[in-house]
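In this note's numbering, the protein residues as written are 851 to 1007.
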């Protein structure tokens, strides 16, 4: 059993303090429904950043891959919505809050499909009943089928 004790920090408004996290019990974060590959099995050593406000930023070295079901009822003129939901299974929003550090989604590693075009990304941060914050953060990727892809496939018949 790990004992929790205060750690004296000399932190000013303009600094952060990296702390080793190997002895901390971290909460595992998952996407609600669409984990295709689970890279969260055990955290690698990482450092938590403690801000002067008491905010702790702990970016675990994690990669998540997801898949989305495709609704073909409106094919070929369809728009698909892929929902990615992140939340805590352990804590409510008065204990932990999941936020994105930037206003935009990072598309650096986005791989275009060739069949769909990424039209927009919607951002949601949900609150629970009685204004109790629920640490649930969602992104909805809106994909539009590329018409040229369809024409190319039909012309090859």
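Backbone N, C-alpha and C fix where the C-beta goes; we use that ideal spot for every residue, glycine too.
Asked, Found
"Cβ of residue 955 within 8 Å of Cβ of residue 931?", "no"
"Excluding the five sequence neighbours on either side, which residues of its own chain have a C-beta within less than 6 Å of the C-beta of residue 928, listed in chain order?", "995"
"Compare the Cα-Cα distances from residue 959 to each of 915, 900, 909, 908 and report the closest residue.", "915"
"Quick check: the Cα distance between residue 993 and residue 967, rounded to an integer number of angstroms?", "5 Å"
"Could you check what DSSP says for residue 957 in three-state terms: helix, strand or coil?", "coil"
"Specify the secondary structure class of residue 900 as computed by DSSP and reduced to three states.", "strand"
"Go ahead and pull the three-state DSSP assignment for residue 970.", "strand"
"Using only alpha-carbon positions, find the residue among 944, 907, 933 that is nearest to residue 973.", "933"
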